[in-house]
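S.K.: Please find one structure pasted underneath; my questions will follow.
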C-alpha cells in the first residue's frame, strides 16, 4: 500500500507541473495588452512601458517567446539569454515561495484574500459534507428496506443526482437555505 501511494505521488508531479504550465499559458495568451486591461484610459506608451517593467511583462514569457504590443512573437535567437530569466521561471519561483501575486480586481495579495476567505469556505464545505452524509445514509437505509421498488429507484435517482452535483453548488444552496 505504501508503494502504491508513493508511486501515485511521484506520478502526480508531472500532472501538477502540466496544470501549472497550462494555467500560466492560458493567462499569457489572452488577447490584448495587460497594461490596457489594468489601467484602462490611463494607459499610454510611457505608463505601459513602466507597467511592463514593474510587473515583469517585458521579459520573455518562456525562452524566446515575447509579448510585444499585445501580440506574441517568437525571437528564437534570444532564447539562450532568456533560459532562466523569463516569466515562467519567475512564476514558478513565486508559487514555490507562496506568493500568488496581487489580485487585479481587489489590488490585494491573493494569499491574503485566500486566508481571509478560508473560514467561509471551510464552513460551506462542512455544511455540504454534513448534508451529504445525512441525506446519503437516510436514502441508503430507505433504499435497503424497499429494495427493487419504486421507492428504491427514486432514492437511487436522488442519490445519483446528489453525487453528480458539484460540492460548490450544494454549498451555495445550503448557504441560501441556512
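In this note's numbering, the protein residues as written are 0 to 177. Note that the Cβ used here is the ideal one computed from N, Cα and C, for glycine as well. Since this is a predicted model, take the numbers as computed values, not measurements.
(1) Thinking just about the alpha-carbon of each residue, which of 68, 38, 122 and 154 is nearest to the one in residue 170?
(2) Count the other C-beta atoms from every protein chain shown that fall within 10 angstroms of the C-beta of residue 66, then say buried if there are 16 or more, exposed otherwise.
(3) So is residue 11 buried or exposed if we call it buried at 16+ other beta carbons inside 10 Å?
(4) Between which two residues does the beta strand (DSSP E) holding residue 95 run?
(5) So residue 130 and residue 82 are in contact, right, with Cβ under 8 angstroms, and what is the actual spacing, rounded?
(6) Would you kindly check if the distance between the Cβ of residue 154 and the Cβ of residue 136 is under 8 angstroms?
(7) What is the DSSP secondary structure of residue 23, counted as helix, strand or coil?
(8) Taking DSSP as the reference, what is the three-state secondary structure of residue 73?
(9) In chain order, what residues of the same chain have a beta carbon less than 6 angstroms from the beta carbon of residue 158, not counting five sequence neighbours either side?
(10) Would you list the one or two residues that DSSP bridges to residue 59?
M.R.: Straight from the coordinates:
(1) By 1-based counting over the chain shown, the position of residue 170 is 171. The shortest C-alpha separation from residue 170 is found at 122.
(2) Here residue 66 corresponds to residue number 67 of the chain shown, with the count starting at 1. Answer is buried; the Cβ neighbour count reaches 16.
(3) Working through the chain shown from its first residue, we reach residue 11 at position 12. The residue is exposed, with fewer than 16 neighbouring Cβ atoms inside 10 Å.
(4) In the chain shown, residue 95 corresponds to position 96, counting from 1. Per DSSP, residue 95 belongs to no beta strand (DSSP E); it is in the alpha helix (DSSP H), 86 to 95.
(5) Here residue 130 is taken as the residue at index 131 of the chain shown, counted from 1. Here residue 82 is taken as the residue at index 83 of the chain shown, counted from 1. Not quite, the Cβ-Cβ distance comes to about 51 angstroms (not below 8 angstroms), so this is no contact.
(6) What you label residue 136 is simply residue 137 of the chain shown in a count that begins at 1. What you label residue 154 is simply residue 155 of the chain shown in a count that begins at 1. The Cβ-Cβ distance between residue 136 and residue 154 does not fall below 8 angstroms.
(7) Here residue 23 is taken as the residue at index 24 of the chain shown, counted from 1. Helix at residue 23.
(8) Within the chain shown, residue 73 is the residue found at index 74, counting from 1. It is a strand residue.
(9) Working through the chain shown from its first residue, we reach residue 158 at position 159. Same-chain partners within the cutoff: 138.
(10) For the purposes of this step, residue 59 is taken as the residue at position 60 of the chain shown. Note: residue 59 sits in a beta bridge opposite 85.
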